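Enquirer: The structure is given below, and queries will be raised subsequently.
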Amino acid sequence: MAWRRRRHQSGRLTVEIPAIPSLRFDNRTGFDALHFDTLDQNGVAFHVITAKTGYTLSPGATPGQAYLTPAAALLHVADVHYEDNLDRSVRYESDLAPYKPLCDVVVIGAAYPPQGGKRPSFDIALRVQRPDLPPALPERPRPLNPWQPLSPEVYQQWQKDLACAAPRPGALLVDKTLRIHGERHLHRLAAPLRWVHGTPWRLDSAAACTPLPLRYEYAFGGECRAEASDAWAANIPASHRLTPEQQASYPDTAPAPVAHDSCQSNPVGCGFTRDWFALACGMETLPAPRIEYPVQPLTARAFWDAACGKHTIPAAGMGFVGRGWLPRRNLIGQVELKTTWHEDEVPLLPKDFDFRYWNGAPDDQQCPHLEGGERFTLTNLCPAGAPYAVTGADGNRTFTFALPQQALFILAAGADGVLAAQPLAIDTVVIDLDNGAVELTWRLALLADGTFDEVRLHHAGTPEALARLNELTSAAALS
0 MAWRRRRHQS GRLTVEIPAI PSLRFDNRTG FDALHFDTLD QNGVAFHVIT
50 AKTGYTLSPG ATPGQAYLTP AAALLHVADV HYEDNLDRSV RYESDLAPYK
100 PLCDVVVIGA AYPPQGGKRP SFDIALRVQR PDLPPALPER PRPLNPWQPL
150 SPEVYQQWQK DLACAAPRPG ALLVDKTLRI HGERHLHRLA APLRWVHGTP
200 WRLDSAAACT PLPLRYEYAF GGECRAEASD AWAANIPASH RLTPEQQASY
250 PDTAPAPVAH DSCQSNPVGC GFTRDWFALA CGMETLPAPR IEYPVQPLTA
300 RAFWDAACGK HTIPAAGMGF VGRGWLPRRN LIGQVELKTT WHEDEVPLLP
350 KDFDFRYWNG APDDQQCPHL EGGERFTLTN LCPAGAPYAV TGADGNRTFT
400 FALPQQALFI LAAGADGVLA AQPLAIDTVV IDLDNGAVEL TWRLALLADG
450 TFDEVRLHHA GTPEALARLN ELTSAAALS
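Just so we're aligned, residue 0 is where the sequence shown starts under numbering that gives the first Met the number 0, counting upward by one.
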C-alpha cells in the first residue's frame, strides 16, 4: 500500500495518509446499496458498505399487530429538513455515516390523543425488545474502539465470550415515554402577583389536545434575536450585545443582529428566552412547549430559572437531533481551525472525535445494533383509523411489529484467493408513520488494507440461508 505524508502549514508532520486501495462493489440484492471510502482521525482508511431495506406497515394476523411488507426504499445521501428549510428540524438524516457504534431508532409522524373525551395532555411511548427466541445470528461485537468493528482479535474474543455475553431473550432495549400537551402559553404576571407566585411568569392550562406533529419545533427550545430595526433594541444592555467580531461571523445575506442567543440543545423549539431579552422587548406572553418528559414537566419557575441561566430544560422528541445541537456537538472533539489548505491535503477528524457523533437519535433511543426479530411497540402514535392498531379500555391506541429475521452480508475476495463472509449490522431504524413505512439501514466497515479487492453484497432471508451464514462467519472467526 502506498503512503503519503501530509504537513500542516507550519510544517509539523501530523499523520501519514494512505492511498486507499480500490474495491469493486457488486450488489447482488434488489436493495439500494453503495460503497464509499473514508479515513478515521488517525488517517486509517476503511471501505464502508451501506444498504437500505424498506417496508410498509400492513395489518397482521391479530388486532394490534402489524406486518412489515417489503417495499422499495432509497438511501438518503443528504440530510432532509422539514419543508426543505435548513432552519427547520431534520426529518431524515443522511445514511452516509462511516460507522455508528449504536443503533438509532427514530420515529417520524404525529402524536394522536387517546380515544374518548377531550384531554389536556396524554402520553406517547416507544419500546423496543429483543425477540423471545434467541436471534438467528449471535450478536455482533461492540468494541470500545469503534474503528475496529471487524478486528480479528475482537471477533475471536467475542466468539469465546458469546455464551455469557449474549443478551437474554426479551431484553428491553428502548423504553421511552413523552407527554403531549394541548396548546398552552406562558404569561408575564402583574407586579403584585410576582411576589405571591415567587416568579414573574405563570403557565396557563392547556387546551384540549389535537394531533401534534412529532417535531422539535414543539419541544422546549428556540432563540431570542434582536435586530437593529427593532424599536426596543436600545433597551438591550451593552453586556448582552454582540461585538463587531461576533457580528462579522454572520452571513452577508442580511444585516447581523444586535443581540442573539439560542437554546443550544434545540434552536428551533419554543419556550426559550433570556431574562434580559424578555425585559428589553417587553415580552408579555410566548408559546409554551407541548412535548416534554413526564419526569421533567415545565413549570413557570423552571422556565424563569432557565431564562436566567440557572439550568437548562431538555428538548424532548423522537426524531433526529441536529448535528450542531448539544450534547451531540460535544462529541466532535477539538477542531483545528485552518485558513489555508494545500492542494493535496486531506482534512481529518479531530484526534478526540467520538464516533457516537454519527448516531443521530436521542440518547434514550440508541441501543445495540439490531439483528432481526426485535419487537417494537408504539402507543398513541397512529390515528384511530390505522388498520393495524388496537384501542384499549383506556382509549390508548397501540400496535406492535417485529423486524424480519434476515441478514445482509458480503462475500469478500482477494487476489490471493482469500474468501470471507461478513454480515452487515442494522444501525438505523426509521419508523415513518406519516407514510406508514419502516426503513432499515445496514452498514459494515472494512479495513482498507488491500486484503480484498472485490466484495459482493448478498441477502439471506430464509432460516437455511441464515444458518449457513452463521456457519461461514463462525468458521472465519476461528480460523
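Virtual Cβ for every residue (Gly too), placed ideally from N, Cα, C.
Please read these numbers as outputs of a predicted model, since none were measured by experiment.
What residue ranges within the region 252 to 280 form continuous beta strand (DSSP E) runs of no fewer than 3 residues, ordered along the chain?
Expert: Correct list: 258 to 261.
Enquirer: Under the rule that 16 or more other beta-carbon atoms within 10 Å means buried, what is Q128, buried or exposed?
Expert: The sequence position of residue 128 within the sequence shown is 129, counting from 1. With 16 or more Cβ atoms within 10 Å of its Cβ, Q128 is classed as buried.
Enquirer: Where DSSP assigns a beta bridge to C102, which residues make up the other side?
Expert: For the purposes of this step, residue 102 is identified with residue 103 of the sequence shown, where counting begins at 1. Paired residues: C366.
Enquirer: What residue range is occupied by the uninterrupted alpha helix (DSSP H) comprising E244?
Expert: The sequence position of residue 244 within the sequence shown is 245, counting from 1. First-last of the alpha helix (DSSP H) with E244: 243 to 247.
Enquirer: Kindly indicate the opening and closing residues of the beta strand (DSSP E) around W441.
Expert: Locating residue 441 in the sequence shown gives position 442, where the first residue counts as 1. Where W441 is concerned, the enclosing beta strand (DSSP E) stretches over 436 to 446.
Enquirer: Between the C-alpha atoms of H34 and D122, what's the straight-line distance to the nearest angstrom?
Expert: The residue labelled residue 34 in the question sits at position 35 within the sequence shown. The residue labelled residue 122 in the question sits at position 123 within the sequence shown. Taking the straight line joining both Cα atoms gives about 41 Å.
Enquirer: Would you report the Cα separation of L380 and R87, rounded to the nearest angstrom?
Expert: Translated into positions along the sequence shown, residue 380 becomes position 381. Translated into positions along the sequence shown, residue 87 becomes position 88. Answer to the nearest angstrom: the Cα atoms are 22 Å apart.
Enquirer: Below 6 Å CB to CB, which residues in the same chain sit around I19 once its five sequence neighbours on both sides are set aside?
Expert: In the sequence shown, the residue the question calls residue 19 occupies position 20. The answer, listed in chain order, is D36, A44, A447.
Enquirer: Can you tell me whether G29 is buried or exposed, with buried defined as 16 or more other CB within 10 angstroms of its CB?
Expert: Translated into positions along the sequence shown, residue 29 becomes position 30. The residue in question, G29, is exposed, as its Cβ has fewer than 16 Cβ neighbours within 10 Å.
Enquirer: Checking the sheet assignment: what are the DSSP bridge partners for I312?
Expert: Position 313 of the sequence shown holds residue 312. DSSP output for I312 lists no bridge partner at all.
Enquirer: Between which residues of its own chain and S150 is the CB-CB distance below 6 Å, once the five residues before and five after are set aside?
Expert: The residue labelled residue 150 in the question sits at position 151 within the sequence shown. Model confidence at S150 stands at a pLDDT of 45, short of 50, so the residue's coordinates are unreliable and nothing is read from them.
Enquirer: Identify whether W324 lies in helix, strand or coil by the three-state DSSP scheme.
Expert: Taking the first residue of the sequence shown as 1, we reach residue 324 at position 325. Note: W324 maps to coil in three-state DSSP.
Enquirer: Figure out for me which residue from I430, H310, R27 has the closest Cα to the Cα of L407.
Expert: Within the sequence shown, residue 407 is the residue found at index 408, counting from 1. Checked all of I430, H310, R27; the closest Cα to L407 is R27.
Enquirer: Once the 5 residues before and after N395 are set aside, which same chain residues still bring their CB inside 6 Å of it?
Expert: For the purposes of this step, residue 395 is identified with residue 396 of the sequence shown, where counting begins at 1. Excluding sequence neighbours, N395 sits near P113, T378, N379.
Enquirer: Look at the alpha carbon of G221 and the alpha carbon of P367, and state the distance between them as a whole number of angstroms.
Expert: Numbered from its first residue, the sequence shown carries residue 221 at position 222. Numbered from its first residue, the sequence shown carries residue 367 at position 368. When rounded, the distance between both Cα atoms is 32 Å.
Enquirer: Are A496 and V105 touching if we call contact CB-CB under 8 Å?
Expert: Given a span of 0 to 478 for the chain in the structure shown, any question on residue 496 remains unanswerable.
Enquirer: Within 10 angstroms of the Cβ of P243, are there 16 or more other Cβ atoms? Answer buried if so, exposed if not.
Expert: The count along the sequence shown starts at 1 and reaches residue 243 at position 244. Its Cβ having fewer than 16 others within 10 Å, P243 is exposed.
Enquirer: Hey, A258 and G270: beta-carbon distance below 8 Å or not?
Expert: Taking the sequence shown and counting its residues from 1, the one referred to as residue 258 is at position 259. Taking the sequence shown and counting its residues from 1, the one referred to as residue 270 is at position 271. It is not a contact, given that the beta carbons lie outside the stated cut-off.
Enquirer: Per the DSSP calculation, K175 is bridged to which residue(s)?
Expert: Start at 1 with the first residue of the sequence shown, and residue 175 comes out as number 176. K175 is bridged to L125.
Enquirer: What's the C-alpha gap between A459 and L369?
Expert: To locate residue 459, count along the sequence shown from 1; it is residue 460. To locate residue 369, count along the sequence shown from 1; it is residue 370. Taking the straight line from one Cα to the other gives about 15 Å.
Enquirer: Could you give the distance in angstroms between the alpha-carbon of Q263 and the alpha-carbon of G321?
Expert: Reading the sequence shown from its first residue, position 264 is the one you call residue 263. Reading the sequence shown from its first residue, position 322 is the one you call residue 321. Approximately 10 Å, taken between the alpha carbons.
Enquirer: With hydrogens ignored, establish whether the beta-carbon of E182 is closer than 7 Å to any heavy atom of the ligand ZN.
Expert: Questions concerning the ligand ZN fall outside what the structure shown contains, since it holds no ligand whatsoever.
Enquirer: Looking at the secondary structure, which residues open and close the alpha helix (DSSP H) in which A299 lies?
Expert: Within the sequence shown, numbered from 1, the residue matching residue 299 stands at position 300. Here the alpha helix (DSSP H) through A299 covers 299 to 306.
Enquirer: Whose CA, out of E453, G63, V47, E283, lies closest to the CA of P382?
Expert: Walking along the sequence shown from the start, residue 382 turns up at place 383. Checking every option, the nearest Cα to that of P382 belongs to G63.
Enquirer: Measuring alpha carbon to alpha carbon, tell me which of A237, Q364, F451 ends up nearest G502.
Expert: Lying before the first or after the last residue shown, residue 502 is absent from the chain, which here runs from 0 to 478.
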